[in-house]
Amino acid sequence: MWNKSGKALGTYAEAYNFALDKLSLRDFTRFELRDKLLERECPEDLADQVLAKLTERHFLDDARCAARITAAWRGKRFYGRQYLRLMLSKKQVPQELIQEELAQVTEEEETERACDWARTQLGKFQRKYKADPRKGKAALSRGLASRGFGFGAIASALQLWQEAGGEEDLF
0 MWNKSGKALG TYAEAYNFAL DKLSLRDFTR FELRDKLLER ECPEDLADQV
50 LAKLTERHFL DDARCAARIT AAWRGKRFYG RQYLRLMLSK KQVPQELIQE
100 ELAQVTEEEE TERACDWART QLGKFQRKYK ADPRKGKAAL SRGLASRGFG
150 FGAIASALQL WQEAGGEEDL F
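Each residue of the sequence shown is one higher than the one before, counting from 0 in numbering that gives the first Met the number 0.
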């Protein structure tokens, strides 16, 4: 689609049009778009001017970008808060916006998501680890942690393992 080795962006019009083309595909954070401009050898002062104009005209908005990332995360039913934090950090969202987005996710929501994922995996883990239920519980715990769930959500989901007859409580 885009050729990264394209010609250098030397004028304001070239840089502005390049940035608009990028923004027509998806939302970018200010830092991401700045990196894209600098990759194309756009001078830093010119990149800053373009970003200021795009922000002024509301084409570039870190808060809107963070909200869309959070909305996409909510669409992925089986991921926790740490996954959301990682996605926001990967997109170079400013730290204060990351904290605002994470504050919108309640502990109950994360616990519900963890329990939903655990329910989908419970049968598989019980069949696979029938001989040693402790390994099944550990595998369930690792699976939840790798999906970005916190300790509280993992502990709640592990209660499902016990209720399903997995093993006695280890804690």
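Backbone N, C-alpha and C fix where the C-beta goes; we use that ideal spot for every residue, glycine too. None of these values were measured; they are calculated from a predicted model.
Under a Cβ-count criterion, where at least 16 other Cβ atoms within 10 Å of its own Cβ denotes burial, should Trp160 be classed as buried or exposed?
Here the question's residue 160 lines up with position 161 in the sequence shown. Buried, because 16 or more other Cβ atoms sit within 10 Å of the Cβ of Trp160.
Would you give the residue range spanned by the alpha helix (DSSP H) that Gly135 belongs to?
Locating residue 135 in the sequence shown gives position 136, counting from the first residue. In the DSSP assignment, Gly135 falls within the unbroken alpha helix (DSSP H) covering Pro132 to Ser145.
What's the call for Lys34, buried or exposed, on a 16-neighbour Cβ count within 10 Å?
Within the sequence shown, the letter at position 35 stands for residue 34. Sequence check: residue 34 is Asp here, not Lys. Exposed, because fewer than 16 other Cβ atoms sit within 10 Å of the Cβ of Asp34.
Let me check understanding here. Comparing Cα to Cα, which of Glu13, Cys114 and Lys6 lies closest to Gly79?
Position 80 of the sequence shown, counted from the first residue, corresponds to residue 79. That would be Cys114, whose Cα lies nearest to the Cα of Gly79.
Per DSSP, what kind of secondary structure is Glu109 in: helix, strand or coil?
Counting from 1 along the sequence shown, the entry for residue 109 is found at position 110. If DSSP states are grouped into helix, strand and coil, Glu109 belongs with the helices.
Would you grab the beta carbon distance between Phe77 and Arg112 for me? Rounded to a whole angstrom, and I think it's under 8 Å.
As a working mapping, residue 77 is identified with position 78 in the sequence shown. As a working mapping, residue 112 is identified with position 113 in the sequence shown. With 8 Å as the limit, Phe77 and Arg112 qualify as a contact, their Cβ atoms being about 6 Å apart.
Three or more beta-carbon pairs under 8 Å between the segment 10–23 and the segment 50–62, yes or no?
yes
For Gln158 and Ser23, I'd like the C-alpha separation in whole angstroms.
Locating residue 158 in the sequence shown gives position 159, where the first residue counts as 1. Locating residue 23 in the sequence shown gives position 24, where the first residue counts as 1. The alpha-carbon separation between Gln158 and Ser23 amounts to approximately 46 Å.
Do Thr105 and Ala156 have their CB atoms nearer than 9 Å?
Walking along the sequence shown from the start, residue 105 turns up at place 106. Walking along the sequence shown from the start, residue 156 turns up at place 157. No. Outside cutoff.
Would you grab the beta carbon distance between Leu139 and Phe124 for me? Rounded to a whole angstrom, and I think it's under 8 Å.
Position 140 of the sequence shown holds residue 139. Position 125 of the sequence shown holds residue 124. At roughly 5 Å, the Cβ-Cβ gap stays under 8 Å, so Leu139 and Phe124 are in contact.
Can you tell me where the alpha helix (DSSP H) with Val49 in it begins and where it stops?
For the purposes of this step, residue 49 is taken as the residue at position 50 of the sequence shown. Here the alpha helix (DSSP H) through Val49 covers Glu43 to Glu55.
Does the Cβ of Asp131 have 16 or more other Cβ atoms within 10 Å, making it buried, or fewer, making it exposed?
Stepping through the sequence shown from its first residue, residue 131 is reached at position 132. Per the 10 Å Cβ criterion, exposed.
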